[in-house]
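Residue numbers (my numbering): 1 to 384.
These notes concern the structure reproduced below.
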Amino acid sequence: MVAKTLFGLEETLSKELIALGAQKIKQLTRSVEFYGGQELLYKANLWCRTATRILVPIKTFQVREAADLYRKARKIDWGRFLNANQTIAINAVIINSVFDNSLFVAQKTKDAIADQFRDNMGKRPSVDLKSPDIRINVYINQSECTLSLDSSNEPLFKRGYRGETGKAPLNEVLAAGIVLLSGWDGESSFVDGMCGSGTILIEAGLMARNIAPGLNRRKFGFMNWPDYDKNRFSQICTEAREQIRPKLNFEMLGSDIDSRQVKLAASNARRAGLEKDIRFTRSPLIDLIPPIAPGVLIVNPPYGERLAVENINDSYHLMGDAFKKNFTDYDAFVFTGNLSAAKHIGLRTSQRIEMYNGPIECRLLKFEMYRGTRKVKHPLEDLN
Ligand SMILES: C[S@@+](CC[C@H](N)C(=O)[O-])C[C@H]1O[C@@H](n2cnc3c(N)ncnc32)[C@H](O)[C@@H]1O
């Protein structure tokens with residue numbers, strides 16, 4: 001199987017898969033290959049916090065031109081995987097190949113499947129790009145083509161707790177990855193002082209309560225497969241529910257300068273079943289009084305696309321001041337795509353991790369705010 005993820009989270013995802021019992025793990029860029037059976041497939045969909053999809057490859061072959069793709073895709077016995085009354089969607093990804101148009105590749109694959117059904121049964125599956133019963137993935141790297149079934153269908157970051165979206169909400173998989181990379185132990189204070197719609201806190205709360213991230217979802221791709229074992233999956237869900245930690249004995253705090261964001265975050269947390277676990281308040285970061293140390297603070301500040309350069313630099317400087325003033329004995333993390341403003345935080349980083357938020361190159365920066373953490377001599381000397 002292949003678990004897809006975001007850049008920078010491959011190792012974190014490998015650890016998650018190993019914990020679920022995956023064998024023969026191989027880390028690639030933005031994906032992890034592994035071996036396992038149906039039970040692992042179901043568990044990976046339900047439990048992996050940092051996977052976006054779980055694919056099951058059905059065939060790999062060489063393609064040199066469009067005719068190869070059509071001919072070889074048509075040879076596969078598609079009746080094993082779907083029926084003519086189901087709807088399909090094809091996602092294509094192409095790397096360094098003679099093909100340069102992923103829509104064309106998707107179209108050719110769809111033609112091969114549809115023509116096979118029409119010839120054999122006189123009826124063909126129709127296409128539904130938005131909400132298909134069966135999602136198929138075509139991956140062409142140079143001349144090697146792999147066709148896979150997408151066992152997740154809707155991407156796994158759609159956890160089901162998000163209502164209306166906030167200002168610039170993080171992808172749930174990215175937020176979970178940031179929390180896991182922070183090394184937070186799930187047993188001590190946790191704060192997001194610029195919480196927006198609350199994604200980082202909610203992902204952290206789900207981890208701390210040991211709630212499987214997929215437990216709120218009603219649909220996975222594998223549920224429409226002919227081999228779907230409903231009893232087996234409900235047994236896995238029942239076991240997951242039995243493992244939930246009933247309550248937390250430390251504080252989780254979310255805050256934002258904007259009261260609408262605070263309301264939104266609180267309603268998302270309620271939808272995720274975490275209303276008793278996360279306290280929300282409205283405050284600028286500089287005035288926020290955190291729960292008892294030690295703890296972890298994670299902030300995802302605005303990157304400042306719409307702000308003048310001096311303003312954004314000043315606001316990042318103020319963030320550094322807030323860390324020093326209020327967060328003694330905390331590990332403070334900043335996730336930002338504004339690498340030049342980040343230099344104005346004015347504190348020495350102890351770790352810098354390269355990540356992406358969509359197309360934007362970002363950093364997860366760690367600041368250890370132990371008593372005696374000093375300002376760097378010149379703020380710009382760090383981070384280069
Ligand atoms: C990029 S958004 C955070 C998005 C959030 N991670 C999510 O997933 O929804 C940045 C947030 O920082 C808040 N903010 C900006 N300056 C702040 C300050 N000085 N104190 C507290 N919050 C602030 C904004 O109101 C905004 O909600």
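Beta carbons are placed, not taken as given, at the ideal position from N, Cα and C, and that holds for glycine.
Grab me the residues of residue i's own chain with a C-beta within less than 6 Å of its C-beta, minus the 5 sequence neighbours each way, in chain order.
| i | result |
| --- | --- |
| A112 | Y70, A73 and R74 |
| A272 | Y161 and I202 |
| I76 | K59 |
| S259 | R282 |
| K276 | none |
| A208 | G186 and L248 |
| Q351 | K366 |
| T373 | Bear in mind that the predicted position of T373 carries a pLDDT of just 48, short of 50, making it unreliable; the figure below should be weighed with that in mind. None. |
| E251 | S189 and P291 |
| I360 | G337 |
| N91 | N137 |
| D133 | Q86, T87 and N224 |
| L55 | V2, N137, S148 and D150 |
| I95 | N141 |
Let's test the definition: count the other Cβ atoms within 10 Å of the Cβ of residue i and tell me whether it reaches 16, buried, or not, exposed.
| i | result |
| --- | --- |
| M294 | With the sequence shown as reference, residue 294 is identified as Pro, and Met is not the correct amino acid for it. With fewer than 16 Cβ atoms within 10 Å of its Cβ, P294 is classed as exposed. |
| S152 | buried |
| L103 | exposed |
| L297 | buried |
| N101 | exposed |
| D256 | buried |
| R241 | exposed |
| T238 | exposed |
| E172 | buried |
| Q235 | exposed |
| T165 | exposed |
| I244 | exposed |
| M121 | exposed |
| P246 | exposed |
| G254 | buried |
| V309 | exposed |
| N338 | buried |
| P379 | Low confidence applies here, because P379 scores a pLDDT of 44, under 50, leaving its location unreliable; read the following figure in that light. Its Cβ being crowded by 16 or more others within 10 Å, P379 is buried. |
| R135 | buried |
| V98 | exposed |
| L365 | buried |
| T109 | buried |
| D119 | exposed |
| R80 | exposed |
| P213 | buried |
| E16 | buried |
| G163 | exposed |
| G358 | exposed |
| G183 | exposed |
Whose C-beta lies closer than 7 Å to the C-beta of residue i among residues of the same chain, with five residues either side of it excluded?
| i | result |
| --- | --- |
| G36 | M1, G21, A22 and Q23 |
| D385 | Nothing can be reported for residue 385, as the shown portion of the chain is limited to 1 through 384. |
| L13 | A3, T5, V32, C48, T50 and A51 |
| N83 | none |
| N385 | Any question about residue 385 goes unanswered here, given that the chain covers just 1 to 384. |
| L181 | T12, I353 and L364 |
| L40 | L20, G21 and A22 |
If we define contact as Cβ-Cβ less than 7 Å, is residue i a contact residue for chain C?
| i | result |
| --- | --- |
| L129 | Protein chains in the displayed structure number just one, and chain C is not present. |
Residues in its own chain within less than 8 Å of residue i by CB, not counting five upstream and five downstream?
| i | result |
| --- | --- |
| Y356 | L6, F7, G8 and C362 |
| I18 | I25 |
| L215 | L46, C237, A240 and R241 |
| K123 | A84, N85 and F117 |
| E11 | Q27 |
| V299 | D192, G193, M194, L285, M319, A332, F333, V334 and F335 |
| S126 | T87 and I88 |
| R218 | G160 |
| F323 | L297, Y330, A332, I345, L347, F367 and M369 |
| Q38 | D227, D229 and R232 |
So residue i and residue j are in contact, right, with Cβ under 8 Å, and what is the actual spacing, rounded?
| i | j | result |
| --- | --- | --- |
| A199 | A168 | It should be noted that the sequence gives Thr, not Ala, for residue 199. Rounded, the Cβ-Cβ distance is 10 Å, inconsistent with contact. |
| L149 | N45 | Actually they are not in contact, since the Cβ atoms of L149 and N45 sit about 12 Å apart, beyond 8 Å. |
| D329 | R371 | 7 Å |
| P301 | M194 | 5 Å |
| A341 | I312 | 5 Å |
| A89 | D128 | 6 Å |
| G197 | Q261 | First, the residue type needs correcting, since residue 197 is Ser and not Gly in the sequence shown. At roughly 7 Å, the Cβ-Cβ gap stays under 8 Å, so S197 and Q261 are in contact. |
| L274 | G205 | 4 Å |
Would you say residue i touches ligand 3, meaning its beta carbon is less than 6 Å from a heavy atom?
| i | result |
| --- | --- |
| P213 | In the structure on display, ligand 3 does not appear, and the ligands it does have are ligand 1. |
Worksheet item: Is there contact here, the segment 61-68 with the segment 130-145, by at least three beta-carbon pairs under 8 Å?
Response: yes
Practice prompt. State whether the segment 221-232 contacts the segment 333-350, with contact taken as three or more CB pairs (one from each stretch) at a distance under 8 Å.
Written response: no
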